[in-house]
Each structure stands twice: as structure tokens, then as C-alpha cells.
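*Asks:* Line by line, the protein sequences are chains A and B. Sequential numbering of the first sequence, starting at 57, is according to my numbering. Sequential numbering of the second sequence, starting at 57, is according to my numbering. Ideal placement from N, C-alpha and C gives every residue a C-beta, glycine not left out. Bear in mind that the values here come from a model prediction, so they are computed numbers and not experimental data.
2 protein chains.
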Amino acid sequence: MGAQTQRSASSVLSTPSDREVHIERVFDAPCELVWRAFTEPDLIVQWWGRGNRLVIERLDVERGGHWRFVEHASDGRHGFEGRYREVTPPERLVSTFEWDGMPGYVVVNTTTFDDLGDGRTRVTTTSLFHTIEERDGMLSSGMQEGLDQSYAALDQLLAKLG
Amino acid sequence: MGAQTQRSASSVLSTPSDREVHIERVFDAPCELVWRAFTEPDLIVQWWGRGNRLVIERLDVERGGHWRFVEHASDGRHGFEGRYREVTPPERLVSTFEWDGMPGYVVVNTTTFDDLGDGRTRVTTTSLFHTIEERDGMLSSGMQEGLDQSYAALDQLLAKLG
Chain A
57 MGAQTQRSAS SVLSTPSDRE VHIERVFDAP CELVWRAFTE PDLIVQWWGR
107 GNRLVIERLD VERGGHWRFV EHASDGRHGF EGRYREVTPP ERLVSTFEWD
157 GMPGYVVVNT TTFDDLGDGR TRVTTTSLFH TIEERDGMLS SGMQEGLDQS
207 YAALDQLLAK LG
Chain B
57 MGAQTQRSAS SVLSTPSDRE VHIERVFDAP CELVWRAFTE PDLIVQWWGR
107 GNRLVIERLD VERGGHWRFV EHASDGRHGF EGRYREVTPP ERLVSTFEWD
157 GMPGYVVVNT TTFDDLGDGR TRVTTTSLFH TIEERDGMLS SGMQEGLDQS
207 YAALDQLLAK LG
């Protein structure tokens with residue numbers, strides 16, 4: 057049980073090309089619920105900020121819609137924003153992502169939600185960067201650690217909702 | 057004189073890599089004036105829309121600032137937007153660009169303004185795309201023709217201001 061939980065709770069990172077990062081993570085919740093946690097503001101605020109207060113300034117989950125979140129962390133406010141390229145519930149979200157600290161450096165995130173047939177869902181995100189340097193900068197910034205913190209909070213939210 | 061004018065008024069396009077488009081154009085105006093035409097809303101509306109009415113919904117010409125223009129053309133409204141990555145007057149502007157028709161497909165435009173020392177200015181824009189397909193799609197969309205129309209209007213504006 058301990059090992060099983062450990063496996064479910066770990067994200068697996070790979071680099072399929074020199075401008076991409078690919079991350080997989082399995083959640084113990086059905087696909088529709090995981091989709092809601094990624095797209096409904098009342099749910100997003102409970103996990104995305106990793107315990108920090110998150111203010112959703114904008115969230116239009118539709119093709120062409122914008123999103124903007126501000127995380128209130130101990131070291132200050134961090135703004136993130138982007139725009140939806142594709143929204144196909146409950147299977148696939150494609151959106152852009154940029155951090156206020158590096159404005160104009162835009163990542164394209166393609167996230168798929170796979171129903172594993174046993175009540176679990178695999179979430180896979182492939183991030184495409186404009187340059188190798190931007191990709192490597194993101195990798196060395198603690199991207200996976202931050203994501204794992206968010207996903208641990210999402211585990212708790214999904215357990216509560218389930 | 058005719059040939060000279062012709063040369064000044066033509067943009068030169070090249071593709072330095074498979075995800076880039078490079079366009080050069082010389083204007084008969086000093087660098088500071090050309091810079092103003094690219095960054096001041098009262099001037100931008102007089103050339104960017106190629107004769108169509110242009111509404112500037114947002115324009116913060118500073119690092120991290122956003123811009124959003126809506127062109128009112130005969131076939132409808134076309135929104136364009138992005139964010140400034142770098143603003144170094146009167147030499148260099150780096151900003152993102154996307155068209156509402158393909159939301160989330162983001163181009164990075166690096167524009168430099170070179171004083172040619174004879175009252176003319178060379179404007180060079182290098183556009184970086186996330187994929188070859190996006191670059192080729194932009195090339196086949198009539199990108200250069202549209203830009204040449206805008207730049208012809210800019211010629212007229214600069215002559216009037218000069």
C-alpha cells in the first residue's frame with residue numbers, strides 16, 4: 057500500500073525533444089473530477105498555489121479565452137497568465153503559460169487526461185518552449201518540485217471531493 | 057530616383073532558420089521618429105491597420121506590458137495581442153504576437169531600429185515561431201503583403217511628420 061501510494065504520488069519527467077518537457081502523474085480520481093479540478097476556479101484555488109493564497113483574476117476556459125492567476129507567496133506575488141488554444145472536456149487542454157518574472161517567454165502546455173479504467177486518471181503535460189535555453193531554465197528553476205507540491209495538494213482535494 | 061524609391065519601399069524577407077522569418081525594410085526618416093511610430097498609439101493607428109480603422113485596446117510599452125489592437129476590416133474585426141519582453145528605445149523592441157483567429161499560437165518578434173546615418177532607418181524584424189508548421193502557415197497567409205501595406209502607410213505617415 058505504501059509503495060503503491062508512492063508510485064501514484066510521483067510525477068515522472070522526461071525530455072522527448074530539446075525544447076520539450078513531458079510530465080506524467082496518476083491521480084486516484086475519475087477523469088471527470090480531475091478535469092473539473094483543472095478548469096473550475098473554486099477548485100483550482102485549492103491546489104494550484106501549493107498552500108499559498110491564489111487569486112484568479114481571469115479564467116475563461118474556452119478556445120481563445122484568457123487566464124491569469126496571482127499566487128501570494130511568502131516572497132511576494134507571482135503572476136502567471138496565458139490563453140487557451142484548445143479545450144476538449146474531459147480529455148485535452150492546450151494553453152499558453154508565462155510568468156510575470158519573464159514576460160514574453162511563452163510555453164505551450166498540452167495536457168491530456170486519460171481514464172485508466174480503475175477509477176484513476178493519468179494527467180500528462182507536454183510543455184513546448186521557443187528555445188532550448190528557456191526549456192533548460194525552466195527545468196533548473198525547480199519546475200518539477202513546484203508541480204509536485206501542487207499535485208500533492210490536488211491529491212488531498214480529490215480525496216475530499218471523492 | 058524611381059529605382060531608389062522602389063528599393064527603399066520594398067521589404068526583404070529571408071528565413072535564417074526553419075522556425076524564423078527575417079524581414080528588413082528601410083524608411084526615409086530618422087531613427088527616433090520611426091521608434092515613435094512603433095510605440096505611440098496616436099501614430100500606430102495611422103499605419104498599422106493598412107487603412108482600416110484600428111482600435112488600440114491596450115498598449116503599455118514597457119517590459120511586461122501588454123498590447124492589444126483590433127483592426128476593423130471589410131471582412132470583420134481582427135484582434136491581435138501580445139506582451140513586451142524588452143523595450144530599449146530607440147533601438148530594440150521584443151514582443152509577442154498572436155492573432156485571435158489562432159489563439160495560443162505565439163510568435164516572438166524582435167525588432168531593431170538601425171540609424172543609417174543619412175536620415176534613414178533600417179527596421180529589421182525577426183519572428184520566431186514554436187514550430188516549422190506555424191512559420192510556414194504565417195508565410196503562406198500573405199504575411200509579407202500585409203506588412204508591405206502597413207509599411208507603405210508608415211512611409212506616408214513619416215513623410216507627413218518629417
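Chain B partners of His134 (chain A), CB-CB under 8 Å?
*Replies:* Numbered from its first residue, the first sequence carries residue 134 (chain A) at position 78. Residues of chain B passing the Cβ test: none, with the nearest at roughly 13 Å.
*Asks:* Since I believe Ala65 (chain A) is in contact with Asp211 (chain A) (beta carbons under 8 Å), could you give me their beta-carbon distance rounded to a whole number of angstroms?
*Replies:* For the purposes of this step, residue 211 (chain A) is identified with residue 155 of the first sequence, where counting begins at 1. For the purposes of this step, residue 65 (chain A) is identified with residue 9 of the first sequence, where counting begins at 1. Yes, they are in contact, since the Cβ atoms of Asp211 (chain A) and Ala65 (chain A) sit about 6 Å apart, within 8 Å.
*Asks:* Can you list, in chain order, the residues of its chain with a C-beta nearer than 8 Å to that of Gln205 (chain B)? Leave out the 5 residues immediately preceding and following it.
*Replies:* Along the second sequence, one-based indexing puts residue 205 (chain B) at 149. Correct list, in chain order: Arg106, Gly107.
*Asks:* Counting only beta-carbon atoms, is Pro159 (chain B) nearer than 7 Å to chain A?
*Replies:* Working through the second sequence from its first residue, we reach residue 159 (chain B) at position 103. Yes, contact with chain A.
*Asks:* Thinking C-alpha only, which one of A:Gly198, A:Glu189, A:Trp103, A:Gly202 is nearest Glu76 (chain A)?
*Replies:* Here the question's residue 76 (chain A) lines up with position 20 in the first sequence. Minimum Cα distance to Glu76 (chain A) is reached at A:Glu189.
*Asks:* On the criterion of 16 or more Cβ atoms from any shown chain inside 10 Å, does Gln62 (chain A) qualify as buried, or is it exposed?
*Replies:* Here residue 62 (chain A) corresponds to residue number 6 of the first sequence, with the count starting at 1. The predicted position of Gln62 (chain A) is uncertain, since its pLDDT is 38 and thus under 50; no value can be drawn from it.
*Asks:* Ends of the alpha helix (DSSP H) at Glu190 (chain B)?
*Replies:* Counting from one through the second sequence, the residue named residue 190 (chain B) turns up at place 134. Start and end: 188-196.
*Asks:* In whole angstroms, give me the CA-to-CA distance for Asp98 (chain B) and Tyr207 (chain A).
*Replies:* Start at 1 with the first residue of the second sequence, and residue 98 (chain B) comes out as number 42. Start at 1 with the first residue of the first sequence, and residue 207 (chain A) comes out as number 151. For Asp98 (chain B) and Tyr207 (chain A), the distance between alpha carbons rounds to 47 Å.
*Asks:* Going straight from the alpha carbon of His128 (chain A) to that of Thr182 (chain B), what length do you get?
*Replies:* For the purposes of this step, residue 128 (chain A) is taken as residue 72 along the first sequence, with counting starting at 1. For the purposes of this step, residue 182 (chain B) is taken as residue 126 along the second sequence, with counting starting at 1. Computed Cα separation, rounded: 36 Å.
*Asks:* Would you kindly report the start and end of the unbroken beta strand (DSSP E) that includes Arg114 (chain B)?
*Replies:* Position 58 of the second sequence, counted from the start, is the residue given in the question as residue 114 (chain B). Note, Arg114 (chain B): beta strand (DSSP E), 109-115.
*Asks:* Along the chain, where does the beta strand (DSSP E) containing Ala129 (chain A) start, and where does it finish?
*Replies:* On the first sequence, residue 129 (chain A) is found 73 positions in, with the first residue counted as 1. Its beta strand (DSSP E) spans residues 122-129.
*Asks:* Within 7 Å (strictly less), CB to CB, does Leu184 (chain A) reach chain B?
*Replies:* Translated into positions along the first sequence, residue 184 (chain A) becomes position 128. With 7 Å as the cut-off, Leu184 (chain A) counts as an interface residue toward chain B.
*Asks:* Decide yes or no for the touch test of the segment 116-132 of chain B against the segment 140-147 of chain B: beta carbon pairs closer than 8 Å, at least 3 of them.
*Replies:* Yes: the two stretches touch, three or more of their Cβ pairs being nearer than 8 Å.
*Asks:* Starting from the Cα of Phe136 (chain A), find the closest Cα among A:Pro145, A:Val68, A:Arg114 and give me that residue.
*Replies:* One-based indexing of the first sequence puts residue 136 (chain A) at position 80. When each option's Cα is compared against that of Phe136 (chain A), the closest is A:Arg114.
*Asks:* Output yes if chain B places a C-beta closer than 7 Å to the C-beta of Thr168 (chain A); else output no.
*Replies:* Taking the first sequence and counting its residues from 1, one reaches residue 168 (chain A) at position 112. Answer no: the Cβ-Cβ gap between Thr168 (chain A) and chain B never drops below 7 Å.
*Asks:* In chain B, what lies closer than 8 Å to Val164 (chain A) by C-beta?
*Replies:* For the purposes of this step, residue 164 (chain A) is identified with residue 108 of the first sequence, where counting begins at 1. Within chain B, the residues near Val164 (chain A) are Gly160, Val162, His186.
*Asks:* Do we get a CB-CB distance below 7 Å when we pair Arg109 (chain B) with the residues of chain A?
*Replies:* Here residue 109 (chain B) corresponds to residue number 53 of the second sequence, with the count starting at 1. False, the Cβ-Cβ gap to chain A never drops below 7 Å.
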